[in-house]
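Here the structure is laid out as structure tokens; the discussion comes afterwards.
Right under this line is the structure:
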């Protein structure tokens, strides 16, 4: 639910005392994933003090890491009439016929994020978006600390890459699933905003004014398209 910028700053500084919140928020504000607005406070009936006044942050879009077919490789195989095309295409179709990004759990999202956050895995992932390689001729692009065999095995378990055997019994490594960020409407926030407002009297989470502003921002930004 909405949060005061000062409260977010306190939370983040506990994790990293030197963090610059404005720099951290900048890309999200630029993409209109987060909106910020000033909220006029309300006087506490108990103490007479003004509460909940200041700059608040409102999430109006969310980013979902999702798997998509590797169109680059599919098109390349098809255009060059590569013998791997029918085998590769079947593997892609079989995987994505049972995949729905809207139903993936948090564990799946963590798996995809782990690829992006690992320098070796990410470099190899980017390389494989436009290439395929024989298993015995994998490019040496990894750091000195990475073990190629272990990295490949991990990526296979995550269904990021797949292994295909050609007619001469040679093994090839191909990218099975590409990863793309999708911008989605954070529908899950609606009950959270209502619940946070209901708890306001006992927990002091958000006021009626904050809840109303959050719902209004979600309403007016719903049709907006966000592109990276």
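Numbering (UniProt numbering), first residue to last: 1 to 228.
Even for Gly, the Cβ is constructed at its ideal location relative to N, Cα and C.
Item to check | Distance between residue 78 and residue 176 (C-alpha atoms, nearest Å) | outcome: Taking the first residue of the chain shown as position 1, residue 176 is located at position 176. Taking the first residue of the chain shown as position 1, residue 78 is located at position 78. Distance between the alpha carbons of residue 176 and residue 78 is about 16 Å.
Checklist entry - Do residue 74 and residue 112 come within 8 Å of each other at the CB atom, strictly closer than that value? => result On the chain shown, residue 112 is found 112 positions in, with the first residue counted as 1. On the chain shown, residue 74 is found 74 positions in, with the first residue counted as 1. Contact: no.
Next on the checklist: Going by DSSP in three states, residue 75 sits in which element: helix, strand or coil?
Outcome noted: On the chain shown, residue 75 is found 75 positions in, with the first residue counted as 1. Correct three-state label for residue 75: helix.
Checklist entry - Between 96, 56 and 165, which lies nearest to residue 209 when the distance is taken from Cα to Cα? => result For the purposes of this step, residue 209 is taken as the residue at position 209 of the chain shown. Cα-wise, what sits closest to residue 209 is 56.
Next on the checklist: Taking DSSP's pairing of strands, which residues face residue 178 in a bridge?
Outcome noted: Counting from one through the chain shown, the residue named residue 178 turns up at place 178. Bridge partners of residue 178: 68.
Next on the checklist: Less than 7 Å between C-beta atoms, sequence neighbours within five positions excluded: which residues of the same chain meet that for residue 170?
Outcome noted: The residue given as residue 170 occupies position 170 in the chain shown. These residues qualify, in order along the chain: 134.
Checklist entry - Between 67, 129 and 60, which lies nearest to residue 105 when the distance is taken from Cα to Cα? => result Along the chain shown, read from residue 1 onward, the residue named residue 105 stands at position 105. Residue 67 is the option with its Cα nearest to residue 105.
Item to check | Length-filtered (4 minimum) alpha helix (DSSP H) runs lying within the stretch 1-26 | outcome: 5-15
Checklist entry - With distances taken from CA atoms, which of 41, 47, 63 and 61 is nearest residue 53? => result Along the chain shown, read from residue 1 onward, the residue named residue 53 stands at position 53. For the residues 41, 47, 63 and 61, the minimum Cα distance to residue 53 belongs to 41.
Checklist entry - Who are the Cβ neighbours of residue 129 in its own chain at under 7 Å, not counting the five residues just before and after it? => result Along the chain shown, read from residue 1 onward, the residue named residue 129 stands at position 129. Around residue 129: 70, 72, 175 and 178.
Item to check | Buried or exposed by the 16-neighbour rule on C-beta atoms within 10 Å, applied to residue 193 | outcome: For the purposes of this step, residue 193 is taken as residue 193 along the chain shown, with counting starting at 1. By the neighbour-count rule (16 or more Cβ atoms within 10 Å), residue 193 is buried.
Item to check | Nearest candidate by alpha-carbon position, reference residue 162, set 27, 186, 90 and 117 | outcome: The residue you call residue 162 lines up with position 162 of the chain shown. The shortest Cα separation from residue 162 among 27, 186, 90 and 117 belongs to 90.
Item to check | First and last residue of the uninterrupted beta strand (DSSP E) at residue 170 | outcome: Numbered from its first residue, the chain shown carries residue 170 at position 170. Where residue 170 is concerned, there is no enclosing beta strand (DSSP E), given that its DSSP letter is neither H nor E.
Checklist entry - Quick one: Cα of residue 187 to Cα of residue 124, how far? => result Start at 1 with the first residue of the chain shown, and residue 187 comes out as number 187. Start at 1 with the first residue of the chain shown, and residue 124 comes out as number 124. Looking at the two C-alpha atoms, the distance is approximately 34 Å.
Next on the checklist: Buried or exposed for residue 2, going by 16 or more other Cβ atoms inside 10 Å?
Outcome noted: As a first step, residue 2 is located in the chain shown; it is residue number 2 there, counting from the start. Under this definition residue 2 is a buried residue.
Checklist entry - Which class does residue 162 belong to by DSSP, given the choice of helix, strand or coil? => result Here residue 162 refers to the residue found at position 162 when the chain shown is read from its first residue. Correct three-state label for residue 162: strand.
Checklist entry - In terms of residue numbering, what span does the alpha helix (DSSP H) encompassing residue 39 cover? => result What you label residue 39 is simply residue 39 of the chain shown in a count that begins at 1. Where residue 39 is concerned, there is no enclosing alpha helix (DSSP H), although the beta strand (DSSP E) it sits in stretches over 34-39.
Next on the checklist: So for residue 105, helix, strand or coil by DSSP?
Outcome noted: In the chain shown, residue 105 corresponds to position 105, counting from 1. Coil at residue 105, not helix or strand.
Checklist entry - Comparing alpha-carbon positions, which option in 159, 136, 18 and 25 lies nearest residue 95? => result In the chain shown, the residue the question calls residue 95 occupies position 95. Minimum Cα distance to residue 95 is reached at 159.
Checklist entry - Any idea if residue 147 is buried or exposed, counting beta-carbon neighbours within 10 angstroms, 16 or more meaning buried? => result By 1-based counting over the chain shown, the position of residue 147 is 147. When all chains shown are included, residue 147 counts as exposed.
Checklist entry - So is residue 81 buried or exposed if we call it buried at 16+ other beta carbons inside 10 Å? => result Here the question's residue 81 lines up with position 81 in the chain shown. Residue 81 should be labelled exposed.
Checklist entry - To the nearest angstrom, how far is it from the Cα of residue 107 to the Cα of residue 114? => result In the chain shown, the residue the question calls residue 107 occupies position 107. In the chain shown, the residue the question calls residue 114 occupies position 114. C-alpha separation (whole angstroms): 11 Å.
Item to check | Cβ neighbour criterion (16 or more within 10 Å) applied to residue 58 | outcome: Residue numbering aside, residue 58 sits at position 58 when the chain shown is read from its first letter. Residue 58 is buried by the Cβ-count criterion.
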